[in-house]
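These notes concern the structure reproduced below.
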Amino acid sequence: MIKHLERLVEEGKIEENDPIIDLGTGNGVMLRELQDFGFTNLTGIDYATSSIKLAAQICPNLVNHLFQADILKSDERFAGNYRIAMDKGTFDAISLTPNDKEEAIAKYSDNVAQMLRKTGDFLFITSCNWTSDELKKHFHSHFEVVQELKVPKFKFGGKEGSSTVSVLFSKL
Ligand SMILES: C[S@@+](CC[C@H](N)C(=O)[O-])C[C@H]1O[C@@H](n2cnc3c(N)ncnc32)[C@H](O)[C@@H]1O
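In our numbering, the protein residues as written are 63 to 234.
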């Protein structure tokens, strides 16, 4: 994911000081990598307070940019603020919710679109549960695909394993 963001910087599509939000930041490793690359305007959110505490240890200088927040709840703190939303594995977790899956997917899409500033801003998502076509369907009301990055399927013991997709969407 980071390599692809680097390419977007090289192509002049994004800048290193563009505001980026990491959705479901977990232990903050993505934020750390973004920081190491040179991105300077970073926010991380996660609904687990334990994740926010861990992320604060991994990225101590971002301690004021880490928030306990539920992506499935509309939140004015994040509305209209970001150029890029990053998601590695969080939509997968959210969309596997045993409760109302369709409602969770719709809320995720509405709320992430609300966090972005304007048309053309990016949602960059990595999933191992959904194909890019499925992601496209889930997000079609707010996002269109800019680019799909396929990670090749692996084989183990003669069996084909699941593949990971990374899809760059832009806000409609
Ligand atoms: C599979 S982990 C991925 C963590 C991180 N993105 C990474 O790549 O290491 C999913 C993360 O999403 C968070 N999460 C799940 N549902 C969430 C929600 N509704 N709002 C905010 N965070 C959520 C979890 O607490 C967890 O840290």
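Ideal placement from N, C-alpha and C gives every residue a C-beta, glycine not left out.
Predicted model only: the values in this text are computed from it and were never measured.
For G74, is the beta carbon positioned less than 6 angstroms from some heavy atom of ligand 1? Position 12 of the sequence shown, counting from 1, holds the residue named residue 74. With a cutoff of 6 angstroms, G74 does not count as near ligand 1, since its C-beta is closer than that to no heavy atom of the ligand.
Runs of beta strand (DSSP E) lying entirely within the region 64–129, each at least 3 residues, in chain order: 82–85, 104–108
Can you name the start and end residues of the alpha helix (DSSP H) that A155 belongs to? Numbered from 1 along the sequence shown, position 93 holds the residue referred to as residue 155. Element bounds for A155: 152–157.
Near A117, what residues of its chain come up, given a Cβ to Cβ distance below 8 angstroms and the 5 sequence neighbours on each side ignored? Within the sequence shown, the letter at position 55 stands for residue 117. The answer, listed in chain order, is T87, G88, N89, G90, L93, G106, D108, L124, L128.
Alpha carbon to alpha carbon, how far is E210 from S96? Give it in angstroms, no decimals. Start at 1 with the first residue of the sequence shown, and residue 96 comes out as number 34. Start at 1 with the first residue of the sequence shown, and residue 210 comes out as number 148. Residue 96 is actually Leu in this sequence, not Ser. One C-alpha to the other measures close to 20 angstroms.
Should Y118 be counted as a contact of ligand 1 given a C-beta to heavy atom distance under 6 angstroms? Against the sequence shown, residue 118 aligns to sequence position 56. Looking at the sequence shown, residue 118 is not Tyr but Ala. No, Cβ of A118 sits at least 6 angstroms from all heavy atoms of ligand 1.
Determine which residues share a DSSP beta bridge with L185 and list them. Sequence index remark: in the sequence shown, residue 185 carries index 123 (1-based). Note: L185 sits in a beta bridge opposite A147, F231.
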